[in-house]
Structures are given as C-alpha cells and as structure tokens.
Amino acid sequence: MEQVCGGDKPYLSPDELKKKHNQVEEAAINQFRKVRKMGGRQYSQQYEEELLAQMKTYEQQYIKHNENKKPFNMKTILPTYNTPLVIGIVGGLIIVCFCTITPISVIRPVKTVKQIADVLKGITKCW
C-alpha cells in the first residue's frame, strides 16, 4: 500500500483506494495461505485472523493519510491558511469601509473621520 498511496504519491479517490487495498489484501492472504506452516490449519488460522486485523488497521491509516492529501480539503486548508485568510478578510473589510467612509464624509462634513479614513487609506495603499 505504501507504493500505491505512500507519502510522495498523489491523492487517490476513495473508490480507487479501496479497490487497490482489496487487491493488496487478497494478494497478501493468498501468499500467507500458500506458504506451508507447522502446527496445522487451526494453528495458522489464529495468525491469519491477526494478519487481517492488522491490514484493517493499516487500511484506516491509509484512508486518513490519503484524505489529508486531498486537494481543496477544508480540514487541511483552514488550519494552514487560517492567519493569512483572517488578515486578508479584515484588511479587505477595512479598505472597503474606508473607501465608503471617505466619499460620505465629503458630503457630510465630518473632518476628523475623513482625516482618519484618509490616513488609514494611505497606509493600506503602501501595502
């Protein structure tokens, strides 16, 4: 499975990942059953069940790992770009507010608000 969806491999759709996992699981079980073991069938049955349980655990890990590689996944995008996103939204709101306050303050003479808006508008243009 590491060769199918390991760290450097691209995102796979859940259906394709499940299909690949089933193929790998079937090949592993066939290989396990093909090798002769001491102790008989009942003794090896315990280890076969253990192998299946371990593969089920790995399947869940690979599903989670693959989900983290999904492009445009909001679970991974938001924590990564949280701060720049907030700064961009707040900055955009400030610019919009001051671009609307400046023309309104020209119509209605509120000099202090207009001056503050002009200063902050000038500061935001520097960025």
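Residue 76 in the working numbering sits at position 70 of the sequence shown, with consecutive numbering throughout.
The beta-carbon is built from N, C-alpha and C at its ideal position, and this holds for glycine as well.
- Task: Closer than 6 angstroms by C-beta to Lys6: which residues in its own chain qualify, once you throw out the five before and the five after it? Chain order, please.
- Result: With the chain covering only 7 through 133, there is no way to say anything about residue 6.
(Q) Please classify Asn28 as buried or exposed, where buried requires at least 16 other C-beta atoms within 10 Å of its C-beta. (A) exposed
- Where do the N-terminal and C-terminal ends of the alpha helix (DSSP H) with Asp21 fall, by residue? 20 to 40
Can you tell me the Cα-Cα spacing of Ile93 and Gln121, whole angstroms? 24 angstroms
Item to complete: For Tyr17, name the three-state secondary structure that DSSP assigns.
Response: coil
* Please report the residue range of the alpha helix (DSSP H) in which Met61 lies. => Element bounds for Met61: 46 to 74.
Report task. Go ahead and label Tyr53 buried or exposed: buried means 16 or more other beta carbons lie within 10 angstroms of its beta carbon, across all protein chains shown. Result -> exposed
Task: Burial state of Leu91, where buried means 16 or more other Cβ atoms lie within 10 Å - done: exposed
Exercise for the section: Return yes when the Cβ of Lys127 is within less than 9 angstroms of the Cβ of Ile95, no when it is not. Expected result: Against a cut-off of 9 angstroms, the Cβ pair of Lys127 and Ile95 comes out as no contact.
In three-state DSSP terms, what is Gly128?
In the structure shown, the three-state DSSP call for Gly128 is helix.
- From Ile13 to Ala59, what does the alpha carbon distance come to, in whole angstroms? Reading the sequence as shown, one finds Gly at residue 13 and not Ile. Between Gly13 and Ala59, the C-alpha separation is close to 23 angstroms.
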